[in-house]
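Participant: Before I ask anything, here is the structure I am working with.
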Amino acid sequence: MLRQVNPITKRISFQKIPKVLDLPYLIDLQRSSYESFLREGIKETFQDISPIEDFTGNLVLEFLEHNLEPPTYTVSECRDRDATYARPLKVRVRLITKEGGDIKEVKEQDIFMGDFPCMTEKGTFVINGAERVIVSQLVRSPGIYFDATPDLTGKEAYQATVIPNRGAWLEFVTTADDIINVSIDKARKLPATVLLRAIGYSSDDEIRELFGHEPMLEATLEKDPSESTEEALIEIYRKQRPGDPPSVESASALLTNLFFSSKRYNQAKVGRYKLARKIGRLITCEETGVMVKPGVIEDPESGAVIRYPQVLDKEDLVMTVRYILALMKKQLLDKPPAEGVPDGGIELYEDRGITYLKSVSEEHYDVPVRVDDIDHLGNRRIRAVGELLRNQFRVGLLRLERVVRERMTVQDLETVTPQALINIRPVVAAIKEFFGSSQLSQFMDQTNSLAELTHKRRLSALGPGGLSRERAGFEVRDVHYSHYGRICPIETPEGPNIGLIGALATYSRVNHFGFMETPYRRVIVRALEDVKLGKKTFKKGEILERNVVNEMLIQDSNAPLQAEVTEQIDYLSADEEDRHVIAQANTRLDQRSRIVDERVVVRAKHETQIVDRAHVDYMDISPKQIVSIATALIPFLEHDDANRALMGANMQRQAVPLVEPEAPFVGTGVEYRAAKDSGALLVSKVEGTVMDVSADEIKIACDDGSVVTYQLQKFLRSNAGTCINQRPTVVPDERIEEGQVLADGASSVKGELALGRNILVAFMPWDGYNYEDAILISEELVRDDVFTSIHIEEYECEARDTKLGAEEITRDIPNVGEEALKDLDERGIIRIGVEVHTGYILVGKVTPKGETVLTAEERLLRAICGEKAR
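Here my numbering = 1-based position in the sequence shown + 674.
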């Protein structure tokens, strides 16, 4: 089968599994994250700190709309000038002066807030002339996590941790005596009922009304020293501020600031989603009052975007305690004590082997009762460049807020202007610090196109707010079943970072909450003949609901059902995938996309099973959806040992671009997309006809009559010292489509990735001379420059002003013969085009030397020869 992979190369495809979905844009994670930051992030961060009021309330500073102006220089000019590719940020600021609560004066000004680094089309940043990449960070998601650790008797001790995006941690822990304790912001423990009293459930009866007469609750109440809301608040204050004299007002303010103030506490949209989903609570939009299930972004009726509340409320704390009681009760049900399990107010029921907690009102829904796996990708999310930049921008604005407040106290109310209050240095410094010295802002690996692409798709668990390689254990580094189709199980570094740095899988994408999703083909089940279930009859060919199929198979395991794979593609997060049965991409299908085999190999959570085809919910898109781009470039990957495949995937990035690159004879079909999306190729943005082609530029006549000129990059130095040189792949009068490759990059041929050469390799002994790793190569490889590459090195020489005088760049260097200086020009700098070798002088420089005490011989020499003796 001849398949045209791109408009230039024709390849014969031997794949047996049909292509269902094209590869997505491979650097979309970087581009879309940065664009969302520009679109929403800057505006929302300004809204977070606006308005700023002074301590008297007489001055109010508000940030209104912002505007990013065009960059001063182009990307290539920034590289030449060692400048930063950035856009000036201007903000309209309003200053309101009040007197006795009434508005006296309003002043507005446009204020320059510094230059904001701008992402290039390739997904990189040019900082001080060097290209850098912001690596996406894989961190534990905000939300609530339940854990269980067995004690010496085998009894489980449960722990619930509410982790915010910003603010104090809240930890609930059970003891061997079935008492539930709570620790606020990692302070000393209190009975959980103290916290419940402090938020308004003051009496024992009110607390019992919430949970019923559960023995675990009674044990906690018995341990509780407080009897009212006031006493509970003071008890919490004593634990949080030991040594300070407590009062009800200060204790109440402390608790409010800890969990219920948006300035001090923030769960972020993702934290609210995770918390509500775990405890089974519907989300109520702050503005519209609409109630939706966690995960819904738009109001189904009005289409309005739903804003998630981002602080805790009473209900969250009550539901958390309720869930812990459910876990403790489930343990009693699993291992019933001699006297039996008391009824209480927590209702549990079982469905298909899963224990559920029954909801208590219309605002809640039933949820499964189980502890969490912290390494599951449903509990780890990606912080991409946009979010990282937003966090840093917020840090800068908070420092600015402090400066503004201080200046408000000393400025004259009559003459004060917004410009006089605002000092942009903290904001500029925070952004500069992030791009210049953050662990996640890295000098781009530019050895070849693949190195460039994989660097942009890299995921790191290290960095601020992440793990440290010294403390990271085996579990967090290991391959997890939820990585399937999201993180590559093969591409990771060898050494101390193994498992902490990964790569995004080929088809993986990141949703609005930051969780990774992978695509699957939906499978539907039809009745092969008329089937009766209870009183209802289903006609032949009718599509059946999943619960109907399950009941039919329970009733009759040989029910006449047919599974059919549809063209519908759903992207599933790791949490959603756990609820489904998924078949492999190589499952046999007939001409009408129906599953041939009656029993098929499937994945269900962490297990691989063989089940009836009617149980299948989804099917994989492609066998390569498991691995990353670099791994997908290895042909016959299934025959490789995993350790060697890891080395191969990593070593491809180290291949230097050759003088004469050559595309592989045997490819995997990914080469074209890998080269195109890396940014190393020149791709047309317009449709038209090629007018003129030279080594330096390509001119295209567009259909609307305009002419677009593309400049080619010629012999530029990459970050790794390799040579970037673009070569045209089009000819005059050729018809060009939008998105077509116009010129090859350093390591591509006709738009395809070309990292090496197709050479003949023989595995044979040669009288012991090629023992172990020794190899013998043909002289032809050297003679014909088969593996020759060009490397460009840059050397700098500075002429400084010293205490003894200025240094000088000159051709007149003392004690150096004319032979060594013959290739220097009149300025003392080596001429362009000279072939240099080790030890050649590139720049002549003389430095003033102070008078020193001379020996007798030197004095004699100076007397005879004068200044020439120096």
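Ideal Cβ placement from N, Cα and C applies to all residues, glycine included.
Anyone know if the C-beta pair for MET1293 and TYR1194 falls short of 8 Å?
Facilitator: Mapped onto the sequence shown, residue 1293 falls at position 619. Mapped onto the sequence shown, residue 1194 falls at position 520. Yes.
Participant: Taking the alpha carbon of PRO1042 as the point to measure from, which residue in GLU880, SER1033, ILE1028 has its own alpha carbon closest?
Facilitator: For the purposes of this step, residue 1042 is identified with residue 368 of the sequence shown, where counting begins at 1. When only C-alpha atoms are compared, the closest one is ILE1028.
Participant: Which residue from ARG996, GLU1165, LEU1235 puts its Cα closest to that of SER1302?
Facilitator: Counted from its first residue, the sequence shown places residue 1302 at position 628. Nearest option by C-alpha distance: GLU1165.
Participant: Output the residue ranges of the alpha helix (DSSP H) runs that lie fully inside the region 868-924 and measure 4 residues or longer, sorted by chain position.
Facilitator: Counting whole runs of 4 or more residues, the region 868-924 contains the alpha helix (DSSP H) stretches 878-885, 889-897, 903-914.
Participant: Going by the DSSP bridge assignment, what does SER1247 pair with across the sheet?
Facilitator: What you label residue 1247 is simply residue 573 of the sequence shown in a count that begins at 1. Looking at the DSSP assignment, SER1247 forms a beta bridge with GLU1191.
Participant: For GLU1021, I'd like the list of residues in its chain whose CB is within less than 7 Å of its CB, leaving aside the five on either flank, ordered along the chain.
Facilitator: By 1-based counting over the sequence shown, the position of residue 1021 is 347. Result list for GLU1021: LYS1032, in chain order.
Participant: LEU1202 lies in the alpha helix (DSSP H); which residues open and close that run?
Facilitator: Your numbering for residue 1202 matches position 528 in the sequence shown. Element bounds for LEU1202: n/a, residue is neither H nor E.
Participant: Who pairs with SER1422 in a beta bridge, going by DSSP?
Facilitator: Translated into the one-based positions of the sequence shown, residue 1422 becomes position 748. Per DSSP, LEU1427.
Participant: Based on Cα-Cα distance, which residue from ALA1323, GLY1188, VAL813, LEU1001 lies nearest to ARG1044?
Facilitator: Indexing the sequence shown from 1 puts residue 1044 at position 370. That would be LEU1001, whose Cα lies nearest to the Cα of ARG1044.
Participant: Starting from TYR708, trace the alpha helix (DSSP H) in both directions and tell me its first and last residue.
Facilitator: Position 34 of the sequence shown holds residue 708. From DSSP, the alpha helix (DSSP H) with TYR708 extends over 702-710.
Participant: Is any beta-carbon of chain D found at less than 8 Å from that of ILE1256?
Facilitator: As a matter of chain content, chain D is missing from the structure shown, which is built from one protein chain.
Participant: Who are the near neighbours of GLY1442 in its chain, counting only those whose CB is closer than 8 Å to its CB and skipping five residues on each side?
Facilitator: Here residue 1442 corresponds to residue number 768 of the sequence shown, with the count starting at 1. Cβ neighbours of GLY1442 beyond the five flanking positions: none.
Participant: Is it the case that the Cβ atoms of GLU1334 and ASP1459 are separated by a distance below 8 Å?
Facilitator: Here residue 1334 is taken as the residue at index 660 of the sequence shown, counted from 1. Here residue 1459 is taken as the residue at index 785 of the sequence shown, counted from 1. Closer than 8 Å, so yes.
Participant: Please report the straight-line C-alpha distance between PHE934 and ASP987, rounded to a whole angstrom.
Facilitator: Here residue 934 is taken as the residue at index 260 of the sequence shown, counted from 1. Here residue 987 is taken as the residue at index 313 of the sequence shown, counted from 1. Going by the C-alpha atoms only, they are around 7 Å apart.
Participant: What does a CB cutoff of less than 8 Å around ILE1172 pick up in its chain, not counting 5 residues either side in sequence?
Facilitator: Taking the sequence shown and counting its residues from 1, one reaches residue 1172 at position 498. Answer for ILE1172: ARG1151, THR1166, listed in chain order.
Participant: Excluding the five sequence neighbours on either side, which residues of its own chain have a C-beta within less than 8 Å of the C-beta of TYR1262, listed in chain order?
Facilitator: If you number the sequence shown from 1, residue 1262 lands on position 588. According to the sequence as given, residue 1262 is Arg; it is not Tyr. Taken in chain order, the residues that qualify are ILE1269, VAL1270, ASP1271.
Participant: Just to confirm the assignment, what range does the beta strand (DSSP E) spanning LEU738 have?
Facilitator: As a first step, residue 738 is located in the sequence shown; it is residue number 64 there, counting from the start. Start and end: 733-742.
Participant: When you compare each of ILE1198, HIS1186, MET1226 to VAL1205 by their alpha carbons, which one comes out closest?
Facilitator: The residue given as residue 1205 occupies position 531 in the sequence shown. Of ILE1198, HIS1186, MET1226, the residue nearest in Cα terms is MET1226.
Participant: Nearest to THR1554 by CA position, among ILE1198, ARG1485, VAL1456, ALA942, is which residue?
Facilitator: This structure gives no information on residue 1554, because the portion of the chain shown stretches from 675 to 1544.
Participant: From ALA1323 to SER815, what does the alpha carbon distance come to, in whole angstroms?
Facilitator: Numbered from 1 along the sequence shown, position 649 holds the residue referred to as residue 1323. Numbered from 1 along the sequence shown, position 141 holds the residue referred to as residue 815. Cα to Cα, the separation comes out at about 29 Å.
Participant: Report yes or no: do three or more beta-carbon pairs, one from the region 1177-1191 and one from the region 1127-1137, lie closer than 8 Å?
Facilitator: Yes: at least three Cβ pairs fall under 8 Å.
Participant: Using only CA atoms, which one of GLU1411, ALA1337, LEU844 lies nearest to ASN1432?
Facilitator: Position 758 of the sequence shown holds residue 1432. The residue with the shortest Cα to Cα distance from ASN1432 is ALA1337.
Participant: Under 8 Å between the Cβ atoms of ILE1198 and THR1240?
Facilitator: As a position in the sequence shown, residue 1198 is number 524, starting the count at 1. As a position in the sequence shown, residue 1240 is number 566, starting the count at 1. Yes, the pair counts as a contact, with Cβ atoms nearer than the cut-off.
Participant: Which word fits ASN1232, buried or exposed, when buried means at least 16 other C-beta atoms lie within 10 angstroms of its C-beta?
Facilitator: For the purposes of this step, residue 1232 is identified with residue 558 of the sequence shown, where counting begins at 1. When all chains shown are included, ASN1232 counts as exposed.
Participant: Hey, how far is the Cα of THR771 from the Cα of GLN1093?
Facilitator: Looking up residue 771 in the sequence shown gives position 97. Looking up residue 1093 in the sequence shown gives position 419. If you take the alpha carbons of THR771 and GLN1093, they lie about 14 Å apart.
Participant: Kindly indicate the opening and closing residues of the beta strand (DSSP E) around SER810.
Facilitator: For the purposes of this step, residue 810 is identified with residue 136 of the sequence shown, where counting begins at 1. First-last of the beta strand (DSSP E) with SER810: 810-814.
Participant: So within the region 735-812, which uninterrupted alpha helix (DSSP H) runs reach at least 4 residues, ignoring any that extend past its ends?
Facilitator: Runs of the alpha helix (DSSP H) inside the region 735-812: 749-755.
Participant: Can you tell me whether GLN1120 is buried or exposed, with buried defined as 16 or more other CB within 10 angstroms of its CB?
Facilitator: Within the sequence shown, numbered from 1, the residue matching residue 1120 stands at position 446. It counts as buried.
Participant: Residues in its own chain within less than 8 Å of ALA1248 by CB, not counting five upstream and five downstream?
Facilitator: For the purposes of this step, residue 1248 is identified with residue 574 of the sequence shown, where counting begins at 1. Excluding residues within five positions, the ones whose Cβ falls inside 8 Å are HIS1050, LEU1051, GLY1052, SER1156, ARG1160, PHE1189, MET1190.
Participant: Between the region 1347-1364 and the region 1313-1328, can you find at least three pairs of beta-carbon atoms closer than 8 Å?
Facilitator: As far as the Cβ criterion goes, the region 1313-1328 does not touch the region 1347-1364, which means the pair count is below three.
Participant: Starting from GLU1345, trace the beta strand (DSSP E) in both directions and tell me its first and last residue.
Facilitator: For the purposes of this step, residue 1345 is identified with residue 671 of the sequence shown, where counting begins at 1. First-last for GLU1345: 1345-1352, but that is the alpha helix (DSSP H), not the beta strand (DSSP E).
Participant: Per DSSP, what kind of secondary structure is LEU1029 in: helix, strand or coil?
Facilitator: Position 355 of the sequence shown, counted from the first residue, corresponds to residue 1029. Checking the sequence shown, residue 1029 turns out to be Thr, not Leu. If DSSP states are grouped into helix, strand and coil, THR1029 belongs with the strands.
Participant: Just the Cα atoms here: how many angstroms apart are ALA760 and GLU1126?
Facilitator: Counted from its first residue, the sequence shown places residue 760 at position 86. Counted from its first residue, the sequence shown places residue 1126 at position 452. So the two alpha carbons sit approximately 21 Å from each other.
Participant: Quick one: Cα of LEU703 to Cα of ARG1054, how far?
Facilitator: What you label residue 703 is simply residue 29 of the sequence shown in a count that begins at 1. What you label residue 1054 is simply residue 380 of the sequence shown in a count that begins at 1. Whole-angstrom Cα-Cα distance: 16 Å.
Participant: Rank SER1267, ASN1221, GLN1242 by C-alpha distance to the C-alpha of ARG1253 and give the top, closest one.
Facilitator: Along the sequence shown, one-based indexing puts residue 1253 at 579. Taking only the C-alpha atoms, the option nearest ARG1253 is ASN1221.
Participant: Could you check whether ASN802 and ASP754 sit closer than 8 Å to each other, using their CB atoms as the reference points?
Facilitator: What you label residue 754 is simply residue 80 of the sequence shown in a count that begins at 1. What you label residue 802 is simply residue 128 of the sequence shown in a count that begins at 1. Contact flag unset, no.
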